[in-house]
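Participant:
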Amino acid sequence: MHVPDGFIDAPLSVVGGVIATVGVGVCLRGARRELDEKTAPLAGLVAAFVFALQMLNFPVALGTSGHLLGGTLAAVLVGPYTGALCVTVVLTVQALFFADGGTTALGINITTMAIVTTVVGYGIVVLLRALLPARPASVVPAAFVGALISVPASALAFVGFYALGGTTGLSLGGVLVAMVGVHVLVGIGEAVITALTVGSVVTVRPDLVYATRSYEQPLEIRHTEQAA
Amino acid sequence: MTASLVVHGLAFAYPDGHQALYGVDLTVARGERVAVLGPNGAGKTTLVLHLNGILGGGRGTVAVAGLPVTKEHVREIRRRVGIVFQDPDDQLFMPTVREDVAFGPANLGLRGPELADRVHEALVQVGMAEYADRPPHHLSYGQRRRVAVATVLAMRPEILVLDEPSSNLDPASRRELADILLGLPITILMVTHDLPYALQLCPRSVILDDGVIVADGSTYDLLCDDATMTAHRLELPFGFDPRSAMSVAPAASPSFP
Amino acid sequence: MSAGHHHHLYLDRASLIHRLPPQCKIAAVVLFVTAVVTTPRGSWWPYAVYVLALGAVAAAGRVPAPTILRRMIIETPFVLFAVILPFASPGPKTDVLGLTLSATGLESAGILLAKGTLGVVASILLAATTQPRDLLLGLQRLHMPQLLVQIMTFMFRYIEVVLGEMNRMRVARESRGFDARHVGHLKVVAQSAGALFIRCYERGERVHLAMLSRGYTGRLPVFADARSSTGQWAMAALLPLVAVATTVAAWATL
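What follows is the structure, given as structure tokens:
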């Protein structure tokens, strides 16, 4: 959920801002290793795709709806640091321009939806990749589980902020159950879409999936003489 | 005089192992207009992407006006080789026509009045000067293709490379583009399936099939050579006869050596 | 950058607000919302001042009220949330129109709605008076890191492509009799997300090749001059100044 202005109190919004700034700073440094000038457009495309995914609201239960977060997908496709930056850009544009998520809550939104999702999602992908057979297709189930868990993890981080700086006085237990419950369901949708997307890209263009880079073979140039 | 383009022994395989070029030799003299014909999958696009160093690393050499296409020359090479891609929407991405045309020369370091002159000159060449402040996506497809040509002309290239310039154009836009291209004092290499367009614009054609040049000669002679045409899956559109076409459209030949 | 969505967000007017450099407007929105969020619990009059201040900006920017109201639909999720609060919050109860409601919940809901709505309206005004590419330029002037500027530039470029492809695929699906109303159809939608990604990837790759072919080296050239004068900063500062003064007064009179 995009936290609106006024939902979390000012001191904790500042804390969220500081965490987000440090996190984005780390990602900017890390992204230099993942990204050259050539892949910046790719990162922009991933950001646009995440933007479109977040527009897909789907009904969860009893009139509530959830939307996809896209953090794991972004991390698997362009690397964890760049992936977090992609989601950060999406959230910034949404807050400033689309009034989706508060401007003063941007730090909290970046922390929960860009940083937590990529750290948890990609962490799980790396872990599972080590356990699964060493071939590009292994990234697909890894991404499924990563995405599945990253969404409730993000909701949990949100509940953490709420516990420390919530302004609405709802019981913490109730918020916890509602948020995590809803987001376990959203996580299933996220996992399906992430795995299907990664799966089709791995099949057609494995070179475009960052998380398969460790499997790359050295290039071989063949030359065949053929009379003109 | 140095040739605009010399390709020698060019071979290339993609990372997935698929080999697309098997030793291409092609020389294009300055001021010449040459069509590269060939069926789908013949290696035409692969060849084009070698001309400005986007693809490389296989065997053979490419030189543009004497300058070899290598990593250290890539900046100057990309100025010298102006590629107009098939889909103008891939090429146009700035908010206005003016900024889009300025993108290339600005990357070369031009600024201020010099840049403005360059943009104006290129837009005049394609007859789009009055659309400078319009967003590209509001233009018709034919106009967008002309702006795409201008984006490349603004870099004052040595050679203009057009990938399927006539695709998706209505007959009027097609003719307007032909008039513009015929009026440009520049070397042109045109990759196309559109055989009548090749005949109209390019005195000389080569046929690329299975990664090698299999024929090289006057466009008229090639199109009349039924055996070669059939062997390489090239078919003239229904009802088109190059013999009668050339009697009404003689514009093509004078510069042919 | 000339993404299609700005057609319905940006209002092409010649107004004072439209002419302000984007960096001034962004800074003003952020400061204004910050001031609003720090308004103390228990005072209600500051919100009237904020509303008047935003109303003045809307009038100066010639953004009509119906447009703003229509775009406020984005806040529906948290309005629904706010409606739950009076029922679900603990604490002393009060009777309103025959319903037993939590007094603190009612207050929290009011504050959340007021602050959230003001933030939403501030963003709506920014988007209605600023083109996406100027937003980028403004963020660049405010020293947003170059890498983020680049990603955002390409994002604006590709949103149009992604939404366009999405639409084409939806039309293709629906022409074959598919109707995405049933939950079981999620799989079809999810599968087309994979295809959508590859189509966009490949188009993106072609766009990128075309850019490289025109000498692109990773930095977009900036043509438009968006330097801001002291006068412009002073004018943009009016809105946050009013808000800051209001919130300070509210704390002082608490």
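Chains as they are written, first to last, in the numbering used here: chain E, 715 to 942; chain Z, 2 to 258; chain S, 29 to 282. Quick reminder that beta carbons are idealized off the backbone N, C-alpha and C, glycines included. Model, not experiment: these values are computed from the prediction.
(1) Consider the Cβ of Z:R146: report whether some Cβ of chain S lies at a distance smaller than 7 Å.
(2) For chain S, check one thing: does any of its Cβ atoms lie closer than 7 Å to the Cβ of Z:G18?
(3) Kindly indicate the opening and closing residues of the alpha helix (DSSP H) around Z:G105.
(4) Checking contacts by CB at 7 Å: is Z:D134 closer than that to chain S?
(5) Entirely within the stretch 819 to 902 of chain E and at least 4 residues each: give me those alpha helix (DSSP H) ranges in chain order.
(6) Within 7 Å of any Cβ in chain Z, is that where the Cβ of S:G243 sits?
(7) Establish whether the CB of Z:N169 and some CB of chain S are separated by less than 7 Å.
(8) Can you name the start and end residues of the beta strand (DSSP E) that Z:I189 belongs to?
(9) Using a 10 Å radius around the Cβ and a threshold of 16 neighbouring Cβ atoms, would you call S:I101 buried or exposed?
(10) Give the secondary structure of Z:Q87 by DSSP, where H, G and I count as helix, E and B as strand, and everything else as coil.
(11) Report yes or no: is there a C-beta of chain S within less than 7 Å of the C-beta of E:F872?
(12) Would you say E:P794 faces chain S, with C-beta separation under 7 Å as the test?
(13) Would you please state the rounded distance, in angstroms, between the beta carbons of S:F106 and S:L140? I believe it to be under 8 Å.
(14) Which partner residues does Z:F13 have in the DSSP bridge list?
(15) List, in chain order, every chain Z residue whose beta-carbon is nearer than 9 Å to that of S:L288.
(16) Is it a yes or a no for the stretch 789 to 800 of chain E touching the stretch 727 to 744 of chain E, going by three-plus beta-carbon pairs under 8 Å?
(17) Assuming the contact rule is C-beta atoms closer than 8 Å, S:T275 and S:A63 should be a hit. Round their C-beta distance to whole Å, please.
(18) Counting only beta-carbon atoms, is E:G758 nearer than 7 Å to chain S?
(19) Give the DSSP bridge partners of Z:L209, in chain order.
(20) Check each candidate in Z:R205, Z:G61, Z:L52 and name the one with the smallest Cα separation from Z:I78.
(21) In three-state DSSP terms, what is Z:I160?
(22) Does the CB of Z:L185 have a neighbour CB from chain S at under 7 Å?
(23) How many Å lie between Z:E177 and S:M194 at the Cα?
(24) Should E:L907 and S:A221 be called a contact, given that it needs their Cβ atoms to be closer than 7 Å?
(25) Between S:L154 and E:F811, which are expected to be in contact by the criterion C-beta below 8 Å, what is the C-beta distance as a whole number of angstroms?
(26) Between the beta-carbon of Z:A276 and the beta-carbon of Z:Q92, is there less than 7 Å?
(27) What number of angstroms, rounded off, separates the C-alpha of Z:D211 from the C-alpha of Z:G44?
(28) Does the beta carbon of Z:L140 come closer than 7 Å to any beta carbon on chain S?
(29) Does S:P50 get closer than 7 Å to chain Z when you measure Cβ to Cβ?
(30) DSSP three-state label for Z:H51, please.
(31) What distance in whole Å lies between the Cβ atoms of Z:T229 and Z:L223, which are believed to be in contact at a cut-off of 8 Å?
(32) Counting only beta-carbon atoms, is E:D921 nearer than 7 Å to chain S?
(33) For S:K53, which option in S:W261, S:L39, S:G243 has the closest C-alpha, if you only look at C-alpha atoms?
(34) State yes or no: is the C-beta of S:K143 within less than 7 Å of the C-beta of E:G730?
(35) Taking only beta-carbon atoms, is Z:F13 less than 7 Å away from chain S?
(36) Measuring only between beta-carbons, confirm whether S:L240 sits less than 7 Å from chain Z.
Facilitator: In terms of the structure at hand:
(1) Your numbering for residue 146 of chain Z matches position 145 in the second sequence. False, the Cβ-Cβ gap to chain S never drops below 7 Å.
(2) In the second sequence, residue 18 of chain Z corresponds to position 17, counting from 1. No, Z:G18 does not count as interfacial toward chain S.
(3) Locating residue 105 of chain Z in the second sequence gives position 104, where the first residue counts as 1. Note, Z:G105: alpha helix (DSSP H), 98 to 108.
(4) As a first step, residue 134 of chain Z is located in the second sequence; it is residue number 133 there, counting from the start. Z:D134 does not count as touching chain S.
(5) Runs of the alpha helix (DSSP H) spanning 4 or more residues and lying entirely within the stretch 819 to 902 of chain E occur at 820 to 823, 831 to 845, 853 to 879, in chain order.
(6) Translated into the one-based positions of the third sequence, residue 243 of chain S becomes position 215. Chain Z contact via Cβ: present.
(7) If you number the second sequence from 1, residue 169 of chain Z lands on position 168. It does not; no Cβ of chain S falls within 7 Å.
(8) Here residue 189 of chain Z refers to the residue found at position 188 when the second sequence is read from its first residue. That run of the beta strand (DSSP E) goes 188 to 193.
(9) In the third sequence, the residue the question calls residue 101 of chain S occupies position 73. With fewer than 16 Cβ atoms within 10 Å of its Cβ, S:I101 is classed as exposed.
(10) Here residue 87 of chain Z refers to the residue found at position 86 of the second sequence. Secondary structure of Z:Q87 (DSSP, three-state): coil.
(11) Taking the first sequence and counting its residues from 1, one reaches residue 872 of chain E at position 158. So, not an interface residue.
(12) In the first sequence, residue 794 of chain E corresponds to position 80, counting from 1. Judged by the 7 Å Cβ criterion, E:P794 is not in contact with chain S.
(13) For this step, residue 106 of chain S is matched to residue 78 along the third sequence. For this step, residue 140 of chain S is matched to residue 112 along the third sequence. Indeed they touch by this definition, with Cβ atoms about 7 Å apart.
(14) Counting from 1 along the second sequence, the entry for residue 13 of chain Z is found at position 12. Beta-bridge partners of Z:F13 (DSSP): Z:L22.
(15) Look at the range of chain S in this structure, 29 to 282, and you will see that residue 288 of chain S is not part of it.
(16) Yes, the stretch 789 to 800 of chain E touches the stretch 727 to 744 of chain E.
(17) Working through the third sequence from its first residue, we reach residue 275 of chain S at position 247. Working through the third sequence from its first residue, we reach residue 63 of chain S at position 35. Their Cβ separation, rounded to whole angstroms, is 5 Å, which keeps S:T275 and S:A63 in contact under 8 Å.
(18) The residue labelled residue 758 of chain E in the question sits at position 44 within the first sequence. Answer yes: the Cβ-Cβ gap between E:G758 and chain S drops below 7 Å somewhere.
(19) Reading the second sequence from its first residue, position 208 is the one you call residue 209 of chain Z. Paired residue(s): Z:I214.
(20) To locate residue 78 of chain Z, count along the second sequence from 1; it is residue 77. Nearest option by C-alpha distance: Z:L52.
(21) Residue numbering aside, residue 160 of chain Z sits at position 159 when the second sequence is read from its first letter. In the displayed model, Z:I160 falls within a strand according to three-state DSSP.
(22) Along the second sequence, one-based indexing puts residue 185 of chain Z at 184. False, the Cβ-Cβ gap to chain S never drops below 7 Å.
(23) Here residue 177 of chain Z corresponds to residue number 176 of the second sequence, with the count starting at 1. Here residue 194 of chain S corresponds to residue number 166 of the third sequence, with the count starting at 1. Inter-residue distance for Z:E177 and S:M194 is about 33 Å (C-alpha atoms, whole angstroms).
(24) Mapped onto the first sequence, residue 907 of chain E falls at position 193. Mapped onto the third sequence, residue 221 of chain S falls at position 193. Position check: residue 907 of chain E holds Ile in this sequence, whereas Leu was assumed. In contact: E:I907 and S:A221 (Cβ atoms closer than 7 Å).
(25) To locate residue 154 of chain S, count along the third sequence from 1; it is residue 126. To locate residue 811 of chain E, count along the first sequence from 1; it is residue 97. The distance from the Cβ of S:L154 to that of E:F811 is about 7 Å, consistent with a contact at the 8 Å cut-off.
(26) This structure gives no information on residue 276 of chain Z, because the portion of chain Z shown stretches from 2 to 258.
(27) As a position in the second sequence, residue 211 of chain Z is number 210, starting the count at 1. As a position in the second sequence, residue 44 of chain Z is number 43, starting the count at 1. Going by the C-alpha atoms only, they are around 7 Å apart.
(28) The sequence position of residue 140 of chain Z within the second sequence is 139, counting from 1. It does not; no Cβ of chain S falls within 7 Å.
(29) Numbered from its first residue, the third sequence carries residue 50 of chain S at position 22. Closer than 7 Å: no.
(30) Start at 1 with the first residue of the second sequence, and residue 51 of chain Z comes out as number 50. Helix, per DSSP.
(31) By 1-based counting over the second sequence, the position of residue 223 of chain Z is 222. By 1-based counting over the second sequence, the position of residue 229 of chain Z is 228. Sure, about 7 Å apart at Cβ, within 8 Å.
(32) Indexing the first sequence from 1 puts residue 921 of chain E at position 207. Closer than 7 Å: no.
(33) Here residue 53 of chain S is taken as the residue at index 25 of the third sequence, counted from 1. Per the Cα distances, S:W261.
(34) Along the third sequence, one-based indexing puts residue 143 of chain S at 115. Along the first sequence, one-based indexing puts residue 730 of chain E at 16. Taking 7 Å as the cut-off, the Cβ atoms of S:K143 and E:G730 do not count as close.
(35) As a first step, residue 13 of chain Z must be located in the second sequence, where it is residue number 12. No, Z:F13 lies away from the interface with chain S (no Cβ there is under 7 Å from its Cβ).
(36) Sequence index remark: in the third sequence, residue 240 of chain S carries index 212 (1-based). Yes, because at least one Cβ of chain Z sits closer than 7 Å to the Cβ of S:L240.
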